[in-house]
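J.: My questions will all concern the structure given below.
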Amino acid sequence: VLSAVNGLRLRAPHLTTDQIVWITVGILILFFAVQHLGTDKIGYTFAPLVVVWLLLIAGIGLYNLIKYDIGTLRAFNPKYIFDYFRRNKKKGWVSLGEILLCFTGTEALFADLGYFSIKSIQLSFSFGLLPSVLLTYIGQAAYLRTHMDMTISNAFFNSIPSTLFWPTFVLALLASVIGSQAMVSCAFATMSHLQTLSCFPRVKILHTSRRYSGQLYIPEVNFFLCVASCIVTISFRTTGFIA
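The sequence shown lines up with residues 27 to 269 when you count with my numbering.
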């Protein structure tokens, strides 16, 4: 959410880091405040939105790759990572912390095994998520190769064609909320299983849907996640420091 909101700076450069942080905190508080309503009514919109988002970022990445430097595809050659470590030595390994947020989301795949089959996750990841993400990152790399003076922190939003900025910004915000919802739902489900196995003290578990048994809401966990998310956002202030 912080990363998505940070894109506002391209259209409102007067916004300070403090303002970006507090806008993010406001969205997070609102997000956790409506958790008790459940996702039964709006859950059907999640999949189409994610598909549109993946297609959009893949298209933007392909556009940047073709327009700026298609030779960036050479980055897929593993030789360059060895060259990178040889040049930078210890600093090269330390710099890997900057890409932490690129792969931490894959941890959600293990939690999603409780909701989807292994086959469906493998297919959606291999033919949906992976190609889109690779095109996005390689497109940003191509853009940065011809904009050496550009700050890397906003490379994604800077590389978006101006006519697509606002649609992309809105979809980025919605996609970040959907991703956050997936993690919160997994946290509720995990806590429910722990309580069933008597591995955690009893907490109040509410079922938010009459049709689906997996739609849960745990007030204590929701409050803890809200406070923790706000503290992390206020403390680190930027996605770079979080990484």
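Think of the CB as a built atom: it goes at the ideal place given N, C-alpha and C, for glycine as much as any other residue.
Extract the residue ranges of the alpha helix (DSSP H) inside the region 144-221, only unbroken runs of 4 or more that lie entirely within it.
T.: List check, alpha helix (DSSP H) in window: 144-150, 156-171 and 181-184.
J.: With 16 other CB atoms within 10 Å as the buried threshold, where does Ile257 fall?
T.: It counts as exposed.
J.: Provide the residue span of the alpha helix (DSSP H) that contains Glu246, from first to last.
T.: Where Glu246 is concerned, the enclosing alpha helix (DSSP H) stretches over Pro245 to Phe262.
J.: If Ile204 sits next to Phe57, beta carbons under 8 Å apart, how far is it from one beta carbon to the other, in whole angstroms?
T.: Actually they do not touch by this definition, with Cβ atoms about 11 Å apart.
J.: Bridge partners of His62, per DSSP?
T.: DSSP lists no partner for His62.
J.: Measuring CB to CB, does Tyr163 end up less than 7 Å from Tyr94?
T.: Not in contact: Tyr163 and Tyr94 (Cβ atoms no closer than 7 Å).
J.: Which residue's Cα is closest to the Cα of Thr189: Gly64, Ile86 and Trp79?
T.: Closest option to Thr189, Cα to Cα, is Ile86.
J.: Compute the distance between the beta-carbons of Val253 and Met217, then report whether it is under 7 Å.
T.: It is not a contact, given that the beta carbons lie outside the stated cut-off.
J.: What is the rounded straight-line gap between the Cα of Gln16 and the Cα of Thr65?
T.: As displayed, the chain neither begins before 27 nor continues past 269, which places residue 16 out of reach and without an answer.
J.: Since I believe Gln61 is in contact with Tyr243 (beta carbons under 8 Å), could you give me their beta-carbon distance rounded to a whole number of angstroms?
T.: Sure, about 6 Å apart at Cβ, within 8 Å.
J.: Could you compute how far the alpha carbon of Phe142 sits from the alpha carbon of Ser152?
T.: If I take the Cα positions, the gap works out to 15 Å.
J.: What does the alpha-carbon distance come out to for the pair Asp175 and Ala181?
T.: The alpha-carbon atoms of Asp175 and Ala181 are separated by roughly 11 Å.
J.: Any chance you could list the alpha helix (DSSP H) runs of at least 4 consecutive residues sitting entirely within the region 73-101, in chain order?
T.: Entirely contained in the region 73-101, not one alpha helix (DSSP H) run reaches 4 residues.
J.: Within its chain, find whatever has a CB closer than 6 Å to the CB of Gly33; leave out the 5 residues flanking it on each side and keep chain order.
T.: If we look at Gly33 and ignore the five residues flanking it on each side, its Cβ neighbours are Phe183 and Phe195.
J.: From Phe111 to Leu122, what distance separates their C-alpha atoms?
T.: Rounded to the nearest angstrom, the two C-alpha atoms are 11 Å apart.
J.: If you follow the alpha helix (DSSP H) that Ala30 is in, where does it begin and where does it stop?
T.: Note, Ala30: alpha helix (DSSP H), Leu28 to Asn32.
J.: According to DSSP, is Leu223 part of a helix, a strand, or is it coil?
T.: Of the three classes helix, strand and coil, the one that applies to Leu223 here is coil, per DSSP.
J.: Report the option in Val229, Tyr89 and Arg237 whose CA atom is closest to the CA atom of Pro245.
T.: Per the Cα distances, Val229.
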